[in-house]
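Peer 1: Have a look at this one before I ask anything.
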């Protein structure tokens, strides 16, 4: 079964495929996996030719991929990733940058760029990605599809290349909320927190809404109203103390995660001296040179912040806010413009990343013709309840 690839979502070369290994909730559905998950018999390139050159053919398939095959899914290919998953625009100079199917003049978002593009273009029913600092949520928002970052540790990352192990999660994309939920049925454990009739109350973090570009915030207001019709009227809330909290979450996330990235990949980089595309080399050099005191401060902030944000979500509360402050940057955006978008965006994505929360993004609006997403966020361990809420909100919005 060969799938056409008009948006250049799949990695170059022979397509990696696998027939279903069982029957279940994914019967009849096709999927793709980001090229950092192992599939037995193929080399995982992690978006970089030197990685592929220095690593052997995978001896086993990642458990998350196996679970999808055992639930009836059919694997039809591996999708492109930003090199070593360290980037948010979706660029890859070696494999080619996927085309954003719903905004071709804009970046697809990264690092799970190929998976988002494949789903957005209708090449597959769903696709597996990974999310460390926003790498499922941002491309889902940019490409106009559903995406989920589950609670940290909820889905196995065995057989997957790492970047920041205490932040890395296995996420996925779909064009329909019902399919997003079906994949969750195949991958997720039962919710670990006490059952609630529905996630409520709805909380609207003021700092995140104020951080969003006004056009993005306005485009998402109808979707927010739909959420309120499902959950009840939302309440504005301050996530934590100072008004510059998102600058603080970005900086502390950046420092703590960079140290992890170098601890995870630095030895290979030093030994191999790989070629990197624009921006990737600089990010790893910054990770190598990260001040240990700043990284330690980032970890300390994370502990305090997690206590605060989890307390707000205790008892079943749910956040609603713009997934990204902007639609995807245009392909003509300068490096400085891309970096500015990255900082503003990661201040938001760090909320779930720092506290290990589960987050679903819904394709809920458009700005200048480009998609923007609305995020729903719940406490760790409430992934299934959050997916159920996403299905109900999607029905309220009239999304297929």
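Residue numbers (the working numbering): 60 to 459. Cβ atoms here follow ideal geometry from the backbone N, Cα and C, with glycine treated the same way.
Are the CB atoms of residue 136 and residue 79 within a distance shorter than 9 angstroms?
Peer 2: Not a contact, by the Cβ cut-off of 9 angstroms.
Peer 1: Is the beta carbon of residue 226 closer than 9 angstroms to that of residue 251?
Peer 2: no
Peer 1: Could you give the DSSP three-state label for residue 263: helix, strand or coil?
Peer 2: Looking at residue 263 - three-state DSSP - the assignment turns out to be strand.
Peer 1: Taking residue 143 as the reference, give the member of 371, 417, 88, 328 with the closest Cα.
Peer 2: Checked all of 371, 417, 88, 328; the closest Cα to residue 143 is 328.
Peer 1: In the DSSP assignment, the beta strand (DSSP E) including residue 172 goes from what residue to what residue?
Peer 2: Per DSSP, residue 172 belongs to no beta strand (DSSP E); it is in the alpha helix (DSSP H), 172–179.
Peer 1: Three Cβ pairs or more, each shorter than 8 angstroms: is that satisfied between the segment 426–444 and the segment 196–216?
Peer 2: yes
Peer 1: Tell me, to the nearest whole angstrom, how far the beta carbon of residue 455 is from that of residue 436; I am working on the premise that it is less than 8 angstroms.
Peer 2: Between residue 436 and residue 455 the Cβ distance is about 18 angstroms, and since that is not below 8 angstroms, they are no contact.
Peer 1: Would you call the segment 114–131 in contact with the segment 204–218, where contact means no fewer than 3 C-beta pairs closer than 8 angstroms?
Peer 2: yes
Peer 1: Going by other Cβ atoms of all chains shown within 10 Å of its Cβ, with 16 needed for buried, is residue 100 buried or exposed?
Peer 2: exposed
Peer 1: Using DSSP with H/G/I as helix, E/B as strand and the rest coil, what is residue 229?
Peer 2: Strand at residue 229.
Peer 1: Are the CB atoms of residue 425 and residue 258 within a distance shorter than 9 angstroms?
Peer 2: no
Peer 1: Would you mind working out which of 114, 177, 197 sits nearest residue 387, comparing C-alpha positions?
Peer 2: Residue 197 is the option with its Cα nearest to residue 387.
Peer 1: Would you mind listing the beta strand (DSSP E) stretches within the segment 374–402 that are 3+ residues and don't spill past its ends, in chain order?
Peer 2: 377–381
Peer 1: To the nearest angstrom, how far is the alpha carbon of residue 297 from that of residue 175?
Peer 2: 31 angstroms
Peer 1: Could you tell me the distance, in whole angstroms, from the CA atom of residue 160 to the CA atom of residue 114?
Peer 2: Near 32 angstroms, if we compare the C-alpha coordinates of residue 114 and residue 160.
Peer 1: Would you kindly report the start and end of the unbroken beta strand (DSSP E) that includes residue 418?
Peer 2: For residue 418, the uninterrupted beta strand (DSSP E) run begins and ends at 417–426, by DSSP.
Peer 1: Does the separation of the CB atoms of residue 88 and residue 238 fall below 9 angstroms?
Peer 2: yes
Peer 1: DSSP state of residue 271, grouped into three classes?
Peer 2: coil
Peer 1: Determine, using beta carbons only, whether residue 289 and residue 95 come nearer to each other than 9 angstroms.
Peer 2: no
Peer 1: So, helix, strand or coil for residue 134, using DSSP?
Peer 2: strand
Peer 1: Would you say the segment 206–215 touches the segment 148–163, given that touching needs at least three Cβ pairs under 8 angstroms?
Peer 2: no
Peer 1: So what's residue 126 in DSSP terms, helix, strand or just coil?
Peer 2: Under the three-state reduction of DSSP output, residue 126 falls in the helix class.
Peer 1: With which residues is residue 206 paired in a DSSP beta bridge?
Peer 2: In the DSSP output, where bridge partners are listed per residue, residue 206 has 232, 420.
Peer 1: Let me check one thing: in DSSP terms, what residues is residue 430 bridge-paired to?
Peer 2: 425
Peer 1: Taking the alpha carbon of residue 405 as the reference point, which residue from 304, 234, 450, 421 has its own alpha carbon closest?
Peer 2: That would be 304, whose Cα lies nearest to the Cα of residue 405.
Peer 1: Please check the pair residue 109 and residue 331, which I expect to be a contact at CB under 8 angstroms, by giving their CB distance rounded to whole angstroms.
Peer 2: Contact between residue 109 and residue 331 holds, with the beta-carbon distance rounding to 6 angstroms and staying under 8 angstroms.
Peer 1: Once the 5 residues before and after residue 319 are set aside, which same chain residues still bring their CB inside 8 angstroms of it?
Peer 2: 222, 223, 224, 225, 226
Peer 1: Would the beta-carbon of residue 147 fall within 9 angstroms of that of residue 75?
Peer 2: no
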